[in-house]
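S.K.: Could you have a look at this structure, given as structure tokens, before my questions?
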Amino acid sequence: MKPVKSKLANAVKVLVVTATVAFSVNATAAAPQKDIRFVGETQFAGFCKAVINDDVRVLRSSLSRNVGRIGASQREVLRMVTSEEGLTCNGSSLIEFSVERHADAVHEYLTSRS
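Positions -29 to -1, 1 to 85 (mature numbering (1 follows the signal peptide of the UniProt record, and there is no 0)) are the ones given, in order, by the sequence shown.
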């Protein structure tokens, strides 16, 4: 069994090696607690969680945590995760996913700043 630090280091190495940002989320719509099963690079789960919970604060936090990792500024990170080749949640782009999930506050934030 690997120590937690080693697992974290390996996850960071995988991120550096990966050329594209890919992430999928399968959400169970029938569950009242919004149970979520993440598949893929879980370091980017915050973006999809922000949409699922329609929480701009979580989205902004995810943007700031990924400065230097994805882009040089929060605006650049936002452009990268909302681009055609960017992050996906449940097979949809971040903007499409926000429309599908009726995350109006997050959708407004994404479209007004990207």
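All C-beta atoms in this analysis are idealised placements derived from N, C-alpha and C, irrespective of residue type, glycine included. The model shown is predicted, which means the values in this text are computed figures rather than measured ones.
Out of VAL29, ALA43 and SER33, which one is the CA nearest neighbour of residue 86?
M.R.: No statement about residue 86 is possible, as the shown extent of the chain runs from -29 to 85 and does not include it.
S.K.: Would a C-beta distance cut-off of 8 Å place VAL77 and VAL22 closer than the cut-off?
M.R.: yes
S.K.: Helix, strand or coil for GLY42 per DSSP?
M.R.: Of the three classes helix, strand and coil, the one that applies to GLY42 here is strand, per DSSP.
S.K.: What number of angstroms, rounded off, separates the C-alpha of CYS60 from the C-alpha of SER44?
M.R.: 22 Å
S.K.: On the DSSP bridge assignment, give the partners of THR59 in chain order.
M.R.: Beta bridge pairing from DSSP links THR59 with SER64.
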